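Going by the numbering used here, the sequence shown opens with residue -6, and the numbers climb by one from there.
From the three backbone atoms N, C-alpha and C, an ideal C-beta is built for every residue, glycine too.
Keep in mind the model is a prediction, meaning the values are calculated, not measured.
Written out below as structure tokens is the structure these notes cover.
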Amino acid sequence: MSDYLVIVESPAKAKTIERYLGKKYKVKASMGHVRDLPKSQTGVDVDNNFEPKYITIRGKGPVIKDLKTAAKKAKKVYLAADPDREGEAIAWHLAHILDVDISSDCRVVFNEITKDAIKESFKHPRPINMDLVDAQQARRILDRLVGYKISPILWKKIKKGLSAGRVQSVAVKLIIDRENEIKNFEPEEYWSITGKFQINKEQFSAQFYGKNKEKIELKSEQDVQNVLNQLKKKPFTVQSVQKRERKRNPAPAFITSSLQQEAARKLNFRARKTMMLAQQLYEGVELGKEGTVGLITYMRTDSIRISDLAQSEAKSFIEQEFGQEFTNKADRKEKKQANIQDAHEAIRPTSVLRTPNSVKDFLSRDQFRLYKLIWERFIASQMASAVMDTMTVDLVNNDILFRANGSKIKFPGFMKVYVESTDDEKEEKNNLLPDLHEGDEVTSTDIDPKQHFTQPPPRYTEARLVRVLEELGIGRPSTYAPTLDTIQKRGYVALDNKRFVPTELGEIVIELISEFFPEITNVEFTAIMEKGLDEVEDGKVNWVKIIDDFYKDFRVRLEIAEKEMEEVEIEDEYAGVDCENCGHPMVIKMGRYGKFMACSNFPDCRNTKPIVKEIGVTCPHCKEGQVVERRSKKRRIFYGCSRYPECEFLSWDKPVARPCPKCDGLLVEKKLKKGIQIQCTNCDYKEQQQE
């Protein structure tokens, strides 16, 4: 019999922790939550201080029975769920089921799954924090009231299967508002003039700036002509040269939202995939003789704080690997935002000595890529600032001013390891200028005017939307990935070229919610509500008051919506073909994996067909069918024959509508990091890479 029972959330974590604690400890997994609000009803007594009605989650009976048996045999039960609100709530539910006194030292939390961290955490058990539990419970009840009260109205007025939620409604509203901005955008004309110059056979370029040091905007071709007419056919003179030294600081270690954003930009990971892989790295990976080890700290955090021990280890590693000059000597104080909880550390490797290459053989390809990203970001955050030499040169000709900006890296600092990417997809260029001095004369080899038009704001990518939600104070780290998942599954938005586009259904739902429940889609109201829920966590506000203040007006709005919201009929879009089974027209429907064709005679005829997109290439195998674009269950695009299953031609690369000039084989478009290259699948023929 074990002296102590430890309950964690997942079996992978249980296995790792049991090995660290020794024979006196038995570690079991609850497999997440064991109790929740019922799915079949609201489960909240709105007339009795919003008392929740918790029931055992279906299928968890055997798990609970096993935990009860183990708890009876143990001298003491430790509840070691994740170190956040959700984990605290799981511990509270387990304490209720297992008759554990919540005021006893039964709760153990740790930020990383390493031997030292686990052993240290068991030296400092504490009671269950009811402020954290109440904060989770308040969010759960609020989301349940919004979802279970509005959704039935949407089912009745629009169609079944719809849902509404605090964070998801705001997210969809942001996507719709951005789409309207794009539709209503009126491009404005503007011009630029680029001059190419030469001195002592060295060439460089400069941009038109203005006249007599006064900046001038070029709004028309006439403005450009006026500038060109003033230029005299003589060399330009260097009017001024400014040289400055500029420091560039590294980005801080990851928090949940920045990890999701950077993984999207650098690795092309969806938010959900990023969090799944991070969970695996946190819970532990088998590292050969070392056994199962948690490679990163807890991945749901909004704090950039780093422990003194981790900073010290990183400093020693950097000094040894790169030299003392690369260690950070400055006291960088990051600004703490008002809505940051700072419950635990930033996301970092549990040991910088486990370099990505040292663990590569034990990780899957995607695990390795994410771990490498986290490791490099953390190391860079602890390194010295980069030093850039910048140079600004003003060139004049008849008082017309051209300006050249250049920079070069004087000392790489953290940039030797890692540089943060941006949503703008423009990297900082390392432009070098000749050694110029005031009074030098330079020759212009070309003056090139160009017409431009202002561009509309871009649609949201997952990374950009997460950043905006975070900046607005909407939702919390753990909510972003499931929220983005939900709004796509409900058919409110779709991804077009990795950017969110609202659907007709999404626009209808948000329009009705905004009309009858304006606070649900109001960004400011939602952010204030989020702040109030955080104050519950800090023990400043009673959770019942937060819910009650919201529900007073919400209840009235529900009654009005029930009576006054008009029914909306969403007509099916005709596919342009008839059903081969019964002759009725086929219509386009939205399913879990996107659009498909279905017979309009449903339910009498249940014929469905995938929507295929021809690419204008005859099948190279059967010579009869057309190559069509399809999607796998994981939404990955591939190409196959339209005569499938008669013809089983398949290609992950897009075929080209011409044969290989060398062997008549199949040419395909191979996607590379910076463009596309056409290659033959039968010989070594390759064409020049295209942007």
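Over the uninterrupted beta strand (DSSP E) stretch that includes residue i, give me the two end residues.
| i | result |
| --- | --- |
| Glu413 | Neither: Glu413 is in no beta strand (DSSP E) and is coded neither H nor E. |
| Ala157 | Element bounds for Ala157: n/a, residue is neither H nor E. |
| Asp441 | 434 to 446 |
| Tyr71 | 69 to 72 |
| Tyr202 | 195 to 204 |
If you compare alpha carbons, which of the options is closest to residue i?
| i | options | result |
| --- | --- | --- |
| Tyr678 | Gly658, Ile669, Leu665 | Gly658 |
| Lys58 | Asp77, Pro45, Leu91 | Leu91 |
| Gly609 | Thr62, Pro648, Lys46, Thr514 | Pro648 |
| Gly203 | Ser213, Pro596, Val529, Asp387 | Asp387 |
| His86 | Leu72, Asp98, Leu458, Gly277 | Leu72 |
| Leu147 | Arg623, Asp597, Val534, Phe509 | Phe509 |
| Gly188 | Thr674, Ala84, Lys443, Pro652 | Lys443 |
| Glu214 | Ser33, His445, Val516 | His445 |
| Arg452 | Glu172, Gly287, Val217, Val486 | Glu172 |
| Val529 | Asp127, Ser374, Asp40 | Asp127 |
| Arg137 | Phe547, Arg629, Val580 | Phe547 |
| Glu564 | Lys152, Lys32, Ala110 | Lys152 |
| Leu643 | Phe631, Pro654, Cys653 | Phe631 |
| Glu181 | Ser625, Lys212, Gln161, Ala199 | Lys212 |
| Lys556 | Asp109, Lys149, Lys208, Ala339 | Lys149 |
| Lys491 | Glu463, Ile467, Leu458, Leu660 | Leu458 |
| Ala271 | Gln304, Leu363, Phe315 | Leu363 |
| Val389 | Gly316, Thr454, Val231 | Val231 |
| Lys61 | Tyr567, Tyr485, Ala22, Glu517 | Ala22 |
| Glu279 | Gln375, Ile10, Ala568 | Ile10 |
| Leu498 | Gly154, Tyr18, Thr267, Phe404 | Gly154 |
| Lys176 | Lys655, Ser162, Gln448 | Gln448 |
| Pro31 | Leu14, Val39, Arg51, Thr519 | Arg51 |
| Lys538 | Glu517, Ala131, Gln223 | Ala131 |
Could you give the first and the last residue of the continuous alpha helix (DSSP H) run that contains residue i?
| i | result |
| --- | --- |
| Val126 | 123 to 150 |
| Arg370 | 358 to 374 |
| Val461 | 455 to 465 |
| Met269 | 264 to 276 |
| Asn219 | 214 to 223 |
| Ile111 | 108 to 114 |
| Val231 | Here Val231 belongs to no alpha helix (DSSP H); instead the beta strand (DSSP E) covers 229 to 241. |
| Thr187 | No alpha helix (DSSP H) contains Thr187, which is instead part of the beta strand (DSSP E) from 182 to 192. |
| Gly80 | 78 to 91 |
| Ser250 | 249 to 260 |
| Tyr473 | 473 to 482 |
| Lys322 | No alpha helix (DSSP H) contains Lys322, which DSSP labels as neither H nor E. |
| Val101 | No alpha helix (DSSP H) contains Val101, which DSSP labels as neither H nor E. |
| Ala303 | 301 to 315 |
| Ser351 | 349 to 352 |
Suppose the cutoff is 7 Å on Cβ atoms and the five residues either side in sequence are ignored; what does the same chain contact list for residue i look like?
| i | result |
| --- | --- |
| Ile134 | Val37, Phe43, Pro45, Ile540 |
| Lys206 | Leu394 |
| Phe197 | Phe190, Ala397, Leu426, Pro427 |
| Leu739 | This structure cannot speak to residue 739, because the chain is shown only from -6 to 684. |
| Pro118 | Tyr71, Asp98, Cys99, Arg100, Val101 |
Residues in the same chain with beta-carbon distance under 8 Å from residue i, minus the five sequence neighbours each way, listed in chain order, please.
| i | result |
| --- | --- |
| Asn594 | Cys572, Cys575, His577 |
| Arg12 | Gly284, Thr285 |
| Lys685 | Given that the chain is displayed from residue -6 to residue 684, the structure contains no residue 685 and the question cannot be resolved. |
| Lys606 | Val621, Glu622 |
| Arg636 | Cys612, Cys615, Glu617, Gly618 |
| Glu312 | Phe319, Thr320 |
| Asp707 | Any property of residue 707 remains undetermined from this structure, which presents the chain solely from -6 to 684. |
Determine which residues share a DSSP beta bridge with residue i and list them.
| i | result |
| --- | --- |
| Lys679 | Gln672 |
| Arg492 | Asp489 |
| Met522 | Partner(s): none; Met522 has no beta bridge. |
| Ile402 | Met381 |
| Cys592 | Met579 |
| Asn390 | Ile393 |
| Glu207 | Lys204 |
| Pro342 | Ile289 |
| Glu279 | Thr285 |
| Arg119 | Arg100 |
Apart from the five residues just before and just after residue i, which ones in its own chain have a Cβ nearer than 6 Å to its Cβ?
| i | result |
| --- | --- |
| Ile186 | Phe201, Pro442 |
| Gln681 | none |
| Phe262 | Ala256 |
With a floor of 4 residues, list each alpha helix (DSSP H) that falls wholly inside the region -3 to 63, ordered by position along the chain. 4 to 14
What are the complete beta strand (DSSP E) segments, minimum 3 residues, inside the region 596 to 672? 601 to 603, 606 to 611, 619 to 624, 630 to 634, 647 to 652, 659 to 665
Would you list, in sequence order, the uninterrupted alpha helix (DSSP H) runs of no fewer than 4 residues that lie entirely inside the region 490 to 575? 497 to 509, 511 to 514, 516 to 530, 536 to 557
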